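So the structure is just underneath, and the comments pick up after that.
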C-alpha cells in the first residue's frame with residue numbers, strides 16, 4: 001500500500017503491513033506462513049506491560065533540535081518528555097551543539113475529559129510558541145484525548161493560520177497498536193508532512209536514520225572518502241536539515257524497523273533511493289550495505305578500496321576470536337530488525353542461535369518485500385526457533401529456563417537483568433552501533449567473550465534472589481497464553 | 485491562565501504502581517494501555533523482585549475501547565495469580581477503561597476468595613497526579629485488606645510511619661529507614677510497609693499501632709485521617725522532613741510528647757547525637773563560612789516536602805537566608821494555606837515566601853529576576869540544571885526528576901542526613917574558587 005502524505009493519520013503496522021506480536025515456531029515456518037498469507041498473529045489472554053508507541057514516536061521527534069512537542073494528555077503521558085530531555089541534552093553536549101527542544105504536557109484533568117479542552121490546547125500551543133519560538137511544533141494526542149474525540153487536526157489547521165513554523169498533528173494514542181514501532185512511522189509521517197520540502201537541487205548528502213548518532217565521527221569519516229556527507233536523523237538534526245531530506249543522494253538506516261517508513265516515503269515521493277540491504281552489523285552486513293551505497297552514489301571503486309584496506313586491518317583479529325566463540329549457544333530478544341540482524345552476526349562469528357524472540361514481526365515492509373535480514377537468514381543460515389512477543393518477560397524467562405543458553409542478548413531496557421537473575425550471562429546490545437562495521441564486530445566479539453568468562457555478577461545475584469514466576473509457569477509451554 | 489506542564493515535576497495517578505512496587509511481594513495489575521508502566525517507571529532502582537515489565541497488563545487496544553475490556557481484565561487477573569509469585573495483587577486502572585466505563589470493581593470483586601488478595605484502586609491519569617495516586621493506593625489497602633482490631637490487640641509503642649512517595653522521592657527508602665532508626669532510638673517500635681523485609685506482615689500490623697506518624701507537609705494526610713476513622717488510631721502530623729540537628733531534635737521532642745514518653749531518655753539521645761553532629765560541623769565550619777563563591781541566599785524548587793525540609797535546615801542549622809521557595813507538586817488548594825504557613829516558622833522570625841506552581845518556565849523566569857546577592861544556591865530537579873547555567877548558581881538535584889546522580893540507600897533525614905546534604909552541596913560549591 002502506498003504511503004499517503006496527504007492525510008495526517010496513518011494506519012498501524014498491524015493494518016498496513018500485517019505485522020504481528022504473537023507467534024511461536026521457527027524461522028522457516030514463519031517465513032512460509034508469511035509468504036502464503038496464512039500468518040495470523042495470536043492475541044494473549046495474559047500479557048505483561050510493554051511499551052507505548054507514543055513514547056517511541058515522540059522521543060524521536062523531541063530529539064530534533066529546537067522544536068516543541070506538545071503532548072495533549074494527562075501528566076503520565078508527557079513523562080516521556082522528562083526522560084527524553086536528559087537524553088537530548090546529553091547527546092547534544094557530546095556533539096558540542098545546543099538543543100533547545102521543549103516537551104510540554106497539557107496535564108489533562110477530569111473536567112477536560114468531560115467538557116473537552118481543545119481551546120486550552122490551542123492556548124498552550126500559542127504560549128509555547130511565544131516562549132520558545134520553536135522551529136517546528138508537534139501536537140500529539142494520547143489515549144485520553146483520543147477516546148473523548150479531541151480534534152487535534154482542526155486545532156492544528158487553525159493554528160497554522162497564526163503561527164509561521166511547521167506544525168503537525170501527531171496521532172499517537174497508545175491503544176492503537178501493540179507494536180510500538182508504529183510510533184516510529186508516526187514520527188516519520190509528521191516530519192514528512194510538515195517539514196520535508198520538495199527538492200530544488202541535489203545535494204551530496206545521505207540521509208542516515210538512526211537513534212543517537214554515537215558513530216557519527218566514524219561514519220562521517222568513511223563517507224568523506226566517497227565524497228558524501230551523512231545527515232543523521234533525528235537526534236540533533238535541525239529543521240533546516242530535515243526540510244532538505246528530499247534532495248539527498250540516498251537514505252540509509254541502522255535499523256530497518258526504524259528507517260523503513262521514511263526511506264520508502266522519500267523514495268516514493270521524491271525518488272531518493274532507499275538502500276534496502278541487510279544492516280551494517282557484522283562483516284557481511286557492513287560490506288553488503290557499503291557496496292549498495294557505493295552503487296547508488298556511483299562510488300564502487302572507492303568503496304572496494306576502503307573494504308580492502310579495512311579488511312586487512314580487522315579480519316585477522318576477528319578470525320582469531322571466532323575460534324574462541326565457536327559453539328556458544330545464544331538466545332536473542334530484540335526488536336524484529338535487530339533479532340534477525342544480530343542472529344546473522346552470531347552465526348557469522350561461529351555462535352549458535354537457539355531461540356530468537358522478536359518483539360514484533362513485520363512480514364513485509366512498505367514496499368511489500370520481506371525484510372532483508374529475514375531474507376538473508378532464509379537463504380544462508382540454519383533454521384532456528386523463533387517467537388514473536390512484545391517483550392513478554394514471562395515467555396523470555398521460560399525460554400531461557402528450557403533452553404539454558406550460554407548467553408542472552410537483548411537490546412531493550414529491563415530484559416537482560418532478568419536473564420542474569422536466572423543465572424544466565426547476558427549482554428545488553430544497547431547502542432545501535434555496538435556491532436557496526438569491522439571495529440564494532442571486533443569489539444562485540446571481545447565483549448561476548450568477556451561476558452561469558454566472568455560470570456561473577458550473575459552468579460552472585462542469582463544465588464541470592466527469587467524469581468518472580470511460579471514453578472507452575474516454568475512447567476508450561478512457552479506459547480501457553482497465545483490464543484489460536 | 486491555562487495550566488501548562490512546562491518542565492514536568494510529577495507523573496499521573498497511575499504511577500501509584502510505584503507505591504505498590506515498593507511493597508515487597510506486592511504487584512500491580514494494570515488495566516491500561518501497553519506502555520503506561522514503562523513510561524511511569526523510574527529509571528533507577530526498578531529491577532527489584534518485580535519490575536514494570538513484569539507487571540501484568542491488559543494492554544488495551546482499539547477493540548477494547550469499543551467493546552470494553554472487562555473480559556480481558558478477568559483473564560489477566562486469573563492468569564496473573566497462576567504465573568506471578570506474589571502475595572498481593574493490586575489492580576490499577578488507566579485512563580481508557582475509566583472513560584469507556586469498564587466495571588473494574590465488579591471484575592475484581594469476583595476474586596474475593598482467591599488464594600492471594602486482589603484489591604483495586606481507580607487511578608486514571610486525568611484524576612490526579614502520583615502524589616494523589618499514592619494516597620489512593622494506601623486508602624485501598626486500608627479499606628480492602630485491613631479490619632479494625634480490638635483495643636487489647638493494640639501494641640503500645642507501635643507507630644506506623646508514613647512519609648513521602650516511593651520512587652517520586654529518590655531518597656524515599658533511605659529517609660524511611662532513617663525515620664525508623666530515630667523512633668527506635670527513643671524507645672518506640674516503628675512500622676513501615678515499604679522496602680526490604682517490611683511488606684504484608686507490616687501491613688497487617690497497621691491497625692494495631694498506638695498512633696500514625698505522618699512526616700509530610702500534606703501527602704498522606706487523608707490516609708491518616710481515614711485510619712483514625714476506621715481503626716481509631718490517632719495521628720501526629722509532622723509537616724517538616726527533619727534534616728540536620730535543629731529540626732531532628734525538635735521532631736524527636738514532639739514525638740516523645742505525643743507518645744507520652746519519658747523525656748529523659750530522649751534528651752540523653754539528643755545530647756549524644758548533637759555532640760556527634762557538631763563534632764563534624766565544627767571541623768568543617770571553616771568551609772561553610774569561608775567560601776568565596778557562595779552567597780547567603782538559596783531557593784528550593786521541589787515538592788512541598790523538600791522545599792520545606794531543606795528551607796528549615798539551611799535557615800535553622802546553617803544560618804542561611806531564604807529567597808523564594810517554589811513548590812511544584814500541584815499541592816491541592818485546601819492545603820496551600822497551611823503549607824505556606826510552615827515556611828513562616830523559622831528562627832529569628834524569618835519568613836520564607838512559598839510559591840505554588842507547576843509552570844517551570846515561570847519559575848525559571850522568576851529566579852532569573854531574583855537578586856541572590858552573589859552566587860545563588862538552587863536545590864531542585866534536573867530541569868534546574870539548565871537554569872543554573874544561565875544564573876551561575878550552585879545546583880544540587882534533590883527532587884524529581886533526578887538524573888546524573890545515583891541514589892541507592894542515600895537519605896537526608898536526621899543528623900547524618902543533614903551532614904549528607906552538606907556533603908552534596910559543598911561538593912558542588914567547591915568546584916569553584918571564586
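Protein chains in written order, with my numbering: chain Y, 1 to 484; chain B, 485 to 918. Even glycine gets a Cβ: it sits at the ideal position worked out from N, Cα and C. Note that the structure is a prediction, hence the values are computed from the model and not measured.
Classification of residue i by the beta-carbon crowding that lies within 10 angstroms, buried from 16 upward
i, result
"residue 550/B", "exposed"
"residue 831/B", "exposed"
"residue 225/Y", "exposed"
"residue 582/B", "buried"
"residue 519/B", "buried"
"residue 120/Y", "buried"
"residue 65/Y", "buried"
"residue 458/Y", "buried"
"residue 197/Y", "exposed"
"residue 38/Y", "exposed"
"residue 219/Y", "buried"
"residue 149/Y", "exposed"
"residue 102/Y", "buried"
"residue 47/Y", "buried"
"residue 768/B", "exposed"
"residue 382/Y", "exposed"
Terminal residues of the beta strand (DSSP E) in which residue i lies
i, result
"residue 352/Y", "352 to 358"
"residue 576/B", "572 to 577"
"residue 329/Y", "329 to 334"
"residue 721/B", "719 to 722"
"residue 673/B", "673 to 675"
"residue 698/B", "695 to 699"
"residue 605/B", "602 to 606"
"residue 25/Y", "22 to 26"
"residue 880/B", "878 to 881"
"residue 426/Y", "426 to 428"
Interface residues of chain B facing residue i [CB-CB closer than 7 Å]
i, result
"residue 108/Y", "610"
"residue 105/Y", "489 and 492"
"residue 148/Y", "583"
"residue 481/Y", "563"
Proximal residues of chain Y, C-beta to C-beta of residue i below 7 Å
i, result
"residue 498/B", "76"
"residue 866/B", "86"
"residue 599/B", "Those within 7 Å of residue 599/B in chain Y number zero; the least Cβ separation is about 12 Å."
Residue range of the unbroken alpha helix (DSSP H) whose run includes residue i
i, result
"residue 770/B", "747 to 773"
"residue 444/Y", "437 to 453"
"residue 300/Y", "300 to 325"
"residue 292/Y", "282 to 296"
"residue 820/B", "817 to 826"
Partner residues on chain Y for residue i, Cβ-Cβ distance less than 9 Å
i, result
"residue 546/B", "12, 173, 175, 176 and 177"
"residue 816/B", "Going along chain Y, no residue has its Cβ under 9 Å from residue 816/B, so there is no contact; the nearest lies around 12 Å."
"residue 828/B", "Going along chain Y, no residue has its Cβ under 9 Å from residue 828/B, so there is no contact; the nearest lies around 29 Å."
"residue 531/B", "414, 417, 418 and 421"
Where residue i meets chain Y, residues with beta-carbon distance less than 8 Å
i, result
"residue 569/B", "466, 467, 468, 469 and 470"
"residue 712/B", "Within 8 Å Cβ-Cβ: nothing; residue 712/B doesn't reach chain Y, min ~27 Å."
"residue 559/B", "45 and 46"
"residue 549/B", "147 and 175"
"residue 540/B", "46, 47, 48 and 49"
beta-carbon residue i near the ligand MN non-hydrogen atom, thresh 6 Å
i, result
"residue 469/Y", "Only the bare structure without any ligand can be found here, which leaves the ligand MN out of the picture."
Nonlocal neighbours in the same chain, by C-beta distance under 7 Å from residue i, ignoring five residues either side
i, result
"residue 569/B", "none"
"residue 614/B", "494, 495, 496, 497, 499, 500, 649 and 652"
"residue 276/Y", "372"
"residue 23/Y", "30, 41, 42, 361, 387 and 388"
Cut-off 8 Å between Cβ atoms - residues of its own chain near residue i, not counting five sequence neighbours on either side
i, result
"residue 917/B", "776 and 777"
Within chain B, the residues that residue i reaches when beta carbons sit closer than 8 Å
i, result
"residue 52/Y", "517, 518, 519, 520, 522 and 523"
"residue 391/Y", "537"
Contacts around residue i, its chain only, beta-carbon distance under 6 Å, and the 5 residues preceding and following it disregarded
i, result
"residue 542/B", "515, 553, 556, 557 and 560"
"residue 424/Y", "400 and 408"
Practice item. Ignoring anything shorter than 4 residues or poking outside the stretch 185 to 250 of chain Y, list the alpha helix (DSSP H) runs there in chain order. Key: Taking 4 residues as the shortest admissible run, the stretch 185 to 250 of chain Y contains the following complete alpha helix (DSSP H) segments, listed from N- to C-terminal end: 216 to 225 and 239 to 243.
Check your understanding: Which parts of the stretch 71 to 96 of chain Y are runs of the beta strand (DSSP E), unbroken and 3 residues or longer, counting only runs that do not cross its ends?
Key -> None, since the stretch 71 to 96 of chain Y contains no complete beta strand (DSSP E) of that length.
Practice item. Kindly provide the ranges of any alpha helix (DSSP H) runs that are 4 or more residues long and lie completely inside the stretch 494 to 556 of chain B, ordered along the chain. Key: If we require 4 residues or more, the alpha helix (DSSP H) runs fully inside the stretch 494 to 556 of chain B come out as 501 to 505, 520 to 524 and 546 to 551.
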